[in-house]
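Line by line, the protein sequences are chains A and B.
This note's numbering numbers the first residue of the first sequence as 3 and each following residue consecutively.
This note's numbering numbers the first residue of the second sequence as 200 and each following residue consecutively.
No residue lacks a Cβ here, since even glycine has one placed at the ideal position from N, Cα and C.
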Amino acid sequence: MFIIKDMVLKCLQVYNDKPDSLGSIQKFFKAYSLVLGYESLINNKPYRVSEISMINKILQMYRATVNDDMKIQIMSIIKKTVDSKNKVVHTFLEDYSDDMSFDDDMFDLDMVYVEGCVGVVKESV
Amino acid sequence: MNKINKNDENIVQLPTVVKQMVLNVLAEFMQKNDADDIERLYRASQMLYAHKEIRDKTNTYLEKKGLNVDDLTKKYLSFSPLYLKLKNLRQLMAEEKDEKIKSRYSNEMNKYFIKLSSIEMSIVELFISLVLHCDIQNTPIRSAYIKDSRDNRFPFPHQQNIGGGDESVF
Numbered sequence: 003m004f005i006i007k008d009m010v011l012k013c014l015q016v017y018n019d020k021p022d023s024l025g026s027i028q029k030f031f032k033a034y035s036l037v038l039g040y041e042s043l044i045n046n047k048p049y050r051v052s053e054i055s056m057i058n059k060i061l062q063m064y065r066a067t068v069n070d071d072m073k074i075q076i077m078s079i080i081k082k083t084v085d086s087k088n089k090v091v092h093t094f095l096e097d098y099s100d101d102m103s104f105d106d107d108m109f110d111l112d113m114v115y116v117e118g119c120v121g122v123v124k125e126s127v
Numbered sequence: 200m201n202k203i204n205k206n207d208e209n210i211v212q213l214p215t216v217v218k219q220m221v222l223n224v225l226a227e228f229m230q231k232n233d234a235d236d237i238e239r240l241y242r243a244s245q246m247l248y249a250h251k252e253i254r255d256k257t258n259t260y261l262e263k264k265g266l267n268v269d270d271l272t273k274k275y276l277s278f279s280p281l282y283l284k285l286k287n288l289r290q291l292m293a294e295e296k297d298e299k300i301k302s303r304y305s306n307e308m309n310k311y312f313i314k315l316s317s318i319e320m321s322i323v324e325l326f327i328s329l330v331l332h333c334d335i336q337n338t339p340i341r342s343a344y345i346k347d348s349r350d351n352r353f354p355f356p357h358q359q360n361i362g363g364g365d366e367s368v369f
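Here it is as structure tokens:
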């Protein structure tokens, strides 16, 4: 389980470092997919494929668009989507903070920069 | 919460070299910011899926969860050809200057998205289930482990002591 949380945290860190880059946004959605997959398996919370599909389509639209105004509009939709999923990802990290067994070396990774996760990391120490 | 205990007898001890390979792919997952992350999860799960003991335990677990293992693995195995098509289209679209043709490619890609999204979640679910059944689940990913894209494979046995247990992984 630790490795999954590690992946989710680092995806968030990437997003947090460059929240406006498409690659970082993709990382955020990958964290979201991991959370959905985990919750679906462990807690039997079903996810909707249409939701993931919609996210992929929006990202694709952004990539395909050359018009700057259009790009800004699509980015605003993407940002709203990120905001709405952010809570789910952070709730996951808080729920599983009890079994985060960080060793000292983990702090080399500067994960404490992840906004909103600082508390989770500190609690687990 | 229904968690799998790390001391559970269902946890398979992975050979160090396999662990290294999986960790390398996951480190790549962490380091690169592109659209290929799902392919990396697929590659990592392939390495675990190839391990019979892990695969069997995972399948038993998924069956107990009421999930259709055949359906899940069928989707999982259909990933590669579909992903290649999508990747091809993505490449063609990036190189295309004509907006009309670009839009045609984009529409074609859209057709794949629902199918691929469903497969994507199957890969994520299978990847997590596989990870939960081996001792790699409690290992942190060291993103500094791979140096660059030309040197991103696991160290070969002659380059390090692979018999030294987990410490030798890093």
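Contacting residues, own chain, Cβ-Cβ under 6 angstroms from residue i (five flanking each side not counted)
{"i": "TYR344 of chain B", "result": "For TYR344 of chain B, the predicted model reports a pLDDT of 45, less than 50, meaning its position is unreliable; a value from the coordinates is still stated below. Cβ neighbours of TYR344 of chain B beyond the five flanking positions: ALA226."}
{"i": "ASP270 of chain B", "result": "none"}
{"i": "ARG254 of chain B", "result": "TYR248"}
{"i": "SER26 of chain A", "result": "VAL16, TYR17 and LYS20"}
Residue i versus the options, residue with shortest Cα-Cα distance
{"i": "THR259 of chain B", "options": "B:GLU298, B:LEU331, B:LEU222 and B:ASN232", "result": "B:LEU331"}
{"i": "VAL37 of chain A", "options": "A:ASP70, A:SER78, A:VAL68 and A:ASP8", "result": "A:ASP8"}
{"i": "GLU324 of chain B", "options": "B:ASN287, B:LEU240 and B:LYS301", "result": "B:LEU240"}
{"i": "TYR98 of chain A", "options": "A:SER86, A:PHE31 and A:ILE44", "result": "A:ILE44"}
{"i": "SER52 of chain A", "options": "B:TYR275, B:SER316 and B:ASP297", "result": "B:SER316"}
{"i": "LEU24 of chain A", "options": "A:LEU14, A:TYR40 and A:TYR64", "result": "A:TYR64"}
{"i": "GLU252 of chain B", "options": "B:LYS263, B:ASN232, B:PHE312 and B:LEU213", "result": "B:LEU213"}
Where residue i falls, given that 16 or more other Cβ within 10 Å makes a residue buried
{"i": "GLN245 of chain B", "result": "buried"}
{"i": "SER321 of chain B", "result": "buried"}
{"i": "LEU283 of chain B", "result": "exposed"}
{"i": "ILE129 of chain A", "result": "The question about residue 129 of chain A has no answer, for chain A in this structure spans 3 to 127."}
{"i": "GLU294 of chain B", "result": "exposed"}
{"i": "SER302 of chain B", "result": "exposed"}
{"i": "GLN62 of chain A", "result": "buried"}
{"i": "ASN69 of chain A", "result": "exposed"}
{"i": "GLU238 of chain B", "result": "buried"}
{"i": "ASP236 of chain B", "result": "buried"}
Cβ-based neighbour list, residue i, same chain, cut-off 8 angstroms, excluding 5 preceding and 5 following
{"i": "ILE5 of chain A", "result": "none"}
{"i": "LYS314 of chain B", "result": "LEU281"}
{"i": "ILE60 of chain A", "result": "ILE76, ILE79, ILE80 and THR83"}
{"i": "ASN209 of chain B", "result": "ILE203, LYS256, TYR260 and HIS332"}
{"i": "VAL10 of chain A", "result": "ALA33, LEU36, VAL37, VAL91, PHE94 and LEU95"}
Terminal residues of the alpha helix (DSSP H) in which residue i lies
{"i": "ILE237 of chain B", "result": "236-248"}
{"i": "LEU11 of chain A", "result": "4-19"}
{"i": "GLU227 of chain B", "result": "215-230"}
{"i": "HIS92 of chain A", "result": "70-97"}
{"i": "GLN290 of chain B", "result": "278-294"}
{"i": "VAL330 of chain B", "result": "298-331"}
{"i": "ILE340 of chain B", "result": "Element bounds for ILE340 of chain B: n/a, residue is neither H nor E."}
{"i": "TYR34 of chain A", "result": "24-44"}
{"i": "LEU261 of chain B", "result": "251-263"}
{"i": "VAL51 of chain A", "result": "51-66"}
Closer than 8 angstroms to chain A by CB, residue i
{"i": "PHE278 of chain B", "result": "no"}
{"i": "GLU324 of chain B", "result": "yes"}
{"i": "MET246 of chain B", "result": "no"}
{"i": "PRO214 of chain B", "result": "no"}
{"i": "MET220 of chain B", "result": "no"}
{"i": "LYS301 of chain B", "result": "yes"}
{"i": "THR272 of chain B", "result": "no"}
Chain B contact for residue i (CB, 8 angstroms cutoff)
{"i": "ASN18 of chain A", "result": "no"}
{"i": "MET9 of chain A", "result": "yes"}
{"i": "LYS47 of chain A", "result": "no"}
{"i": "PHE4 of chain A", "result": "yes"}
{"i": "ASN88 of chain A", "result": "no"}
{"i": "LYS73 of chain A", "result": "no"}
Cutoff 7 angstroms; reference residue i; Cβ partners in own chain excluding five residues on either side
{"i": "SER42 of chain A", "result": "PRO48 and TYR49"}
{"i": "SER277 of chain B", "result": "ILE318"}
Residue i beta carbon near the ligand NAD (any heavy atom closer than 7 angstroms)
{"i": "LYS286 of chain B", "result": "The ligand NAD is not part of the structure shown, which contains no ligands of any sort."}
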